[in-house]
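Each residue of the sequence shown is one higher than the one before, counting from 87 in my numbering.
Comments concern the structure below.
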Amino acid sequence: MEQIIPNSKQLHKSDLNFIHLYSFSKWGNKMPNVLILCAHRPKRSPSQRYRFEQYLPFLKQHGFNFTFSYLLNEKDDTTFYSQGNFLVKIFILIKSVLIRLKDCFRFKNFDIIFIQREASFLGTSYFEKRAHKSGAYVIFDFDDSIWLADTSPGNKKWEFIKKPEKFFRNISYANCVIAGNSYLAKKSQTINKNTKVIPTTIDTDFHMPKPKLRNNEIITIGWSGSISTVKHFETLLPVLMKIKLAYGNKVNFKVLGDPHYSSADLNVIPKAWTETTEVDELNSFDIGIMPLPDDAWANGKCGLKALSYMACEIAVVISAVGINKEIVEQDKNGFLASTEDEWFRCLSQLIDDKTIRNEMGKAGRKTVIERYSVEANKAKYLEIFNNGRMR
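Here's what the structure looks like:
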């Protein structure tokens, strides 16, 4: 298939304008229609927001029309991820199947079908197969080791119906697969050779540093995540307790994403995540942390927490796992840590030295702008979508 972008990493605005004009001169004035199959409503899920939603305005400028089809409305979302509510969850699952069956009847109306992670909560590839058979160009995007089981705490009893191994059938029905890192891409390429790597990215015009929001007297060590991933934060509690004993009231601790979180041993400030307050809350951190286990699931992670901190010029200490080792260059734009002693030493150094915090923060933002920003990666998306336009 013809490639119209010879080196997407080095494209400038004029190059993108050329691609836009070339697309329309070659394929006419047809505006390709794209159907997005995803789990959540727009702006709700970090996976969706940082994987593809922030690219939609750019792609619309280049002639693509987008229609969302998501499985959970706001009310169902709250219920679906809570404990209990067995009968209501059965109803939500039935409703999700009906949504996708309705989609099947309109697949033929779309030029491109974009699937994020999976089309259905159930352990079936039926809808991915129907999308493939419709003749549309199917793009499958994922950013985790989703062939492994990792069910939310409220749905552990339902794990048996998900059948995560369906991932391998799902990607076999895609014309193109987008993976969030090279580890994920290698797994995908065993089934689908047309797998591209586009990292999870940050809109650096939105995630901006606001150093005035930081308290110069008290150092805040912050973690950002969700109810389902707070277990990773808790693996660091022994180290954070040592930090508290060593520094007393000079430090405090904040959890962003679980407004009800509490710890019997550590006085944590819990905060709810909202789109409107996220950047300000992140900017209240002096140090951002990202502890992860060294396992198959964590190796598939795409470093979003670290990148969101770094974009705001927050110094980071993160686990030396997976893509984290590509994002952070030790002692330059952040710290990598594996053992409790390494974590304590790195955190202590950042607490004690404001100059190091500031220098690492600035170097971290530079890394994000150059390699992990929307601006640095948008041409890659345009190339893939233009391949769908060519069909």
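All C-beta atoms, glycine included, are put in the ideal place defined by N, C-alpha and C.
{"Item": "Just tell me which of 138, 286 and 307 has its CA closest to the CA of residue 400.", "Value": "307"}
{"Item": "Quick check on residue 234: buried or exposed, where buried means 16 or more other Cβ atoms within 10 Å of its Cβ?", "Value": "exposed"}
{"Item": "Excluding the 5 residues preceding and the 5 following residue 253 in the sequence, name in chain order all residues of the same chain whose CB lies nearer than 6 angstroms to its CB.", "Value": "232 and 233"}
{"Item": "Which runs of the beta strand (DSSP E) fall wholly inside the segment 341-383 and span at least 3 residues, in chain order?", "Value": "354-357 and 373-376"}
{"Item": "Give the straight-line distance between the Cα atoms of residue 421 and residue 436, rounded to the nearest whole angstrom.", "Value": "10 angstroms"}
{"Item": "Counting contacts by CB-CB distance shorter than 9 angstroms, is residue 227 in contact with chain B?", "Value": "Among the chains in the structure shown there is no chain B, since it carries only a single protein chain."}
{"Item": "Can you check the segment 119-165 for any beta strand (DSSP E) of at least 3 residues that lies completely inside it and give the ranges in chain order?", "Value": "119-126 and 151-158"}
{"Item": "Give me the DSSP bridge partner(s) of residue 459.", "Value": "288"}
{"Item": "Rounded to the nearest angstrom, what separates residue 278 and residue 148 at their Cα positions?", "Value": "27 angstroms"}
{"Item": "For residue 304 and residue 438, what's the separation of their Cα atoms in angstroms?", "Value": "11 angstroms"}
{"Item": "Considering only the beta carbon of each residue, do residue 404 and residue 376 sit closer than 9 angstroms?", "Value": "yes"}
{"Item": "Does the segment 322-337 come close enough to the segment 386-401 that 3 or more CB-CB pairs lie under 8 angstroms?", "Value": "no"}
{"Item": "Using the C-alpha atoms, what's the distance from residue 299 back to residue 126?", "Value": "31 angstroms"}
{"Item": "Quick one: grab the DSSP three-state call for residue 314.", "Value": "coil"}
{"Item": "With a Cβ-Cβ cutoff of 9 angstroms, do residue 381 and residue 424 count as a contact?", "Value": "no"}
{"Item": "Is it right to say residue 472 is buried, meaning 16 or more other beta carbons lie within 10 angstroms of its own, or is it exposed?", "Value": "buried"}
{"Item": "What did DSSP end up calling residue 397 once you bin it into helix, strand or coil?", "Value": "helix"}
{"Item": "For residue 263, which three-state DSSP category applies?", "Value": "strand"}
{"Item": "Nearest to residue 289 by alpha carbon, out of 398, 178 and 426?", "Value": "398"}
{"Item": "Since residue 185 is in the alpha helix (DSSP H), which residue starts that stretch and which ends it?", "Value": "172-190"}
{"Item": "With distance defined between alpha-carbon atoms, name the residue in 268, 205, 416 and 353 nearest to residue 334.", "Value": "353"}
{"Item": "Rank 419, 416, 427 and 389 by C-alpha distance to the C-alpha of residue 409 and give the top, closest one.", "Value": "389"}
{"Item": "Does residue 319 come out as helix, strand or coil in the three-state DSSP assignment?", "Value": "helix"}
{"Item": "Leaving out five residues before and five after residue 160 in sequence, what residues of the same chain have Cβ atoms less than 7 angstroms from its Cβ?", "Value": "127"}
{"Item": "Is the beta carbon of residue 343 closer than 9 angstroms to that of residue 359?", "Value": "yes"}
{"Item": "Is the beta carbon of residue 225 less than 9 angstroms from the beta carbon of residue 185?", "Value": "no"}
{"Item": "So, is residue 175 buried or exposed, given that buried needs 16 or more other C-beta atoms within 10 angstroms?", "Value": "buried"}
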